[in-house]
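Single-structure report; data block below.
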Amino acid sequence: MLDDMDRRILRHLQAEPTLSMAELAERCGVSQGICWRRVEKMQASGVIQGQQVVIDWAALGYAVEVSLRITLDKTQPRAFDEFTAAARMVSEVIEIQTFLGRVDVRLSVLARDMTHYQQLYRDRILTLPHIADIEALMHIARVKRDEVLPV
Amino acid sequence: MIELDETDRQILRALVQDATQSAGALGRKLGLSQPATWRRIRRLETAGVIKGRRLRLNAEALGFGVTVFLGVKLARKGQVSLEDFERAVSAIPEVQTVEHVLGLYDYRLRVVARDLSDFERVLRRRIMTLPGAGDVEANVLLSEERLPGPIG
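So the sequences go chain by chain: A and B.
For the first sequence, UniProt numbering begins at 1 and goes up steadily by one.
For the second sequence, UniProt numbering begins at 1 and goes up steadily by one.
This is how it looks when you write it as structure tokens:
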């Protein structure tokens, strides 16, 4: 189980993952040795899974991001598996989520511009198997994006 | 706009997997020298392609068993200040991401909670009371897969 010290470490690390052990220990008000052992323990137990870079797709020329909310034809028993397997093959798809609710699956799709998006939508998305219905949400802006957990 | 070659793409893919590896270790995997790798990472950072680093935590191990995506429609459009709504919704700790979208909903929120009754508390006390919040649709996340995208 995590205690308050672990949570304090996670709060600081989430805010600034590149902190050195010395800086992290200082902010948490503990010795470097203790801090290091706590972090090590949370890595070993899988609470801390790792660190990744975040890519700004717009800087790579992908100006358009669309959220596609998809309802599948559930009379087909393998609809979910076959749909997600096919969606994985589309390189512009960056996220596949499945849901319990009105929507079955959501895809995040990147495109360079609207012409590119239209082409992708027709040639790669509408051809995916078992789609019963699609709704699109066009991203205008990300207001909050840090995905911080309120530990 | 920055042009990437195959080596840049390999570096990006590797750093999305694990951003803690040093330029030296990464360079050895790709057959590049430490300074050459470092210069490429630096270039990706200054061009804004790498816009930051994120800690990956196991939400379930930390007691957050439920993730819900909410589509929120603003009521009385025109009378509500988007800035007020955005400021208030961003301040809710359980709300992890806020996206302004165009379509069936105005905003898309990613919300974490300990369980469904905890989610109900967040929804009733925090979300429904937001200035201008109208229709809300909730979808409970079952699985999530992040793909490398067009650098893959």
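We put the CB at the ideal spot given by N, CA and C, even for glycine.
Give the single residue among the options whose Cα lies nearest to the Cα of residue i.
i, options, result
"A23 (chain B)", "B:Q17, B:P148, B:S81 and B:W38", "B:W38"
"V89 (chain B)", "B:G132, B:Y105 and B:R76", "B:G132"
"E3 (chain B)", "A:Q43, A:L60 and A:V105", "A:L60"
"V80 (chain B)", "B:R40, B:D18, B:D106 and B:R121", "B:D106"
"E86 (chain B)", "B:L62, B:L123, B:G65 and B:R108", "B:R108"
"L116 (chain B)", "B:V68, B:R43, B:E45 and B:T20", "B:V68"
"V53 (chain A)", "A:K41, A:A63, A:K74 and A:P17", "A:P17"
"L142 (chain B)", "A:T115, A:H139 and A:R102", "A:R102"
"F80 (chain A)", "A:T115, A:E95, A:F99 and A:V93", "A:F99"
"A19 (chain B)", "B:G31, B:M1 and B:E45", "B:E45"
8 Å is my cut-off, CB to CB: does residue i come that close to chain B?
i, result
"L10 (chain A)", "yes"
"Q119 (chain A)", "no"
"D56 (chain A)", "yes"
"E92 (chain A)", "yes"
"P77 (chain A)", "no"
"K74 (chain A)", "no"
"S31 (chain A)", "no"
"L126 (chain A)", "no"
"R142 (chain A)", "yes"
"H130 (chain A)", "no"
"E26 (chain A)", "no"
"Q43 (chain A)", "no"
"I96 (chain A)", "yes"
Does any residue of chain A bring its CB to less than 8 Å from the CB of residue i?
i, result
"S143 (chain B)", "yes"
"R108 (chain B)", "yes"
"F64 (chain B)", "yes"
"S90 (chain B)", "yes"
"E6 (chain B)", "no"
"M1 (chain B)", "yes"
"A133 (chain B)", "no"
"R43 (chain B)", "no"
"T46 (chain B)", "no"
"V136 (chain B)", "no"
"L15 (chain B)", "yes"
"residue 153 (chain B)", "Lying outside 1 to 152, the shown extent of chain B, residue 153 (chain B) is not represented and no answer is given."
Using the Cα positions of residue i and residue j, report the straight-line distance between them to the nearest angstrom.
i, j, result
"E135 (chain A)", "A87 (chain A)", "16 Å"
"L137 (chain A)", "L102 (chain B)", "5 Å"
"V95 (chain B)", "A113 (chain B)", "9 Å"
"R78 (chain A)", "K144 (chain A)", "36 Å"
"I131 (chain A)", "M89 (chain A)", "16 Å"
"R54 (chain B)", "G27 (chain B)", "22 Å"
"Q97 (chain A)", "E6 (chain B)", "29 Å"
"D118 (chain B)", "L13 (chain A)", "25 Å"
"V148 (chain A)", "L147 (chain B)", "20 Å"
"Q43 (chain A)", "E23 (chain A)", "19 Å"
"L128 (chain A)", "L104 (chain B)", "22 Å"
"I92 (chain B)", "K29 (chain B)", "42 Å"
"L57 (chain B)", "N139 (chain B)", "22 Å"
"V64 (chain A)", "E99 (chain B)", "14 Å"
"V136 (chain B)", "R124 (chain B)", "11 Å"
Counting only Cβ pairs nearer than 9 Å, list the residues of chain A close to residue i.
i, result
"Q10 (chain B)", "Ordered by position in chain A, no residue passes the 9 Å Cβ test against Q10 (chain B), which lies about 13 Å from the chain."
Check the Cβ of residue i against every Cβ in chain B and list those closer than 8 Å, keeping chain order.
i, result
"T18 (chain A)", "R53"
"H116 (chain A)", "Per Cβ cutoff of 8 Å: no residues; H116 (chain A) is ~11 Å from chain B at best."
"L60 (chain A)", "M1, I2, L4, V49, P150 and I151"
"L13 (chain A)", "L55"
Quick one: list the residues of chain A neighbouring residue i, beta-carbon separation under 8 Å, in chain order.
i, result
"P35 (chain B)", "Within 8 Å Cβ-Cβ: nothing; P35 (chain B) doesn't reach chain A, min ~20 Å."
"I50 (chain B)", "V53, V54, I55 and D56"
"D18 (chain B)", "G50, Q51 and Q52"
The ligand GTP heavy atoms versus the CB of residue i: any closer than 7 Å?
i, result
"P148 (chain B)", "Absent from the structure shown: the ligand GTP. Ligands present: none."
Can you name the residues of chain B whose CB is closer than 9 Å to the CB of residue i?
i, result
"I48 (chain A)", "L55, R56, L57 and N58"
"L100 (chain A)", "N139, V140, L141 and L142"
"L110 (chain A)", "G149 and P150"
Residues of chain B with CB under 7 Å from residue i, in chain order?
i, result
"L149 (chain A)", "L57, A59, L62, F64 and V112"
"R88 (chain A)", "L147"
"V103 (chain A)", "N139"
"A136 (chain A)", "G103"
Below 7 Å on C-beta distance, what does residue i contact in chain A?
i, result
"Q96 (chain B)", "E147 and V148"
Original post:
For the region 28-36 of chain A against the region 28-47 of chain B, are there 3 or more C-beta pairs whose distance is under 8 Å?
Top reply: No, they do not touch.
Original post:
Are the region 115-126 of chain A and the region 61-74 of chain A touching, with three or more C-beta to C-beta distances below 8 Å?
Top reply: yes
Original post:
When the Cβ atoms of the region 12-20 of chain B are set against those of the region 101-110 of chain A, are three or more pairs found closer than 8 Å?
Top reply: no
Original post:
Would you say the region 63-76 of chain B touches the region 47-54 of chain B, given that touching needs at least three Cβ pairs under 8 Å?
Top reply: no
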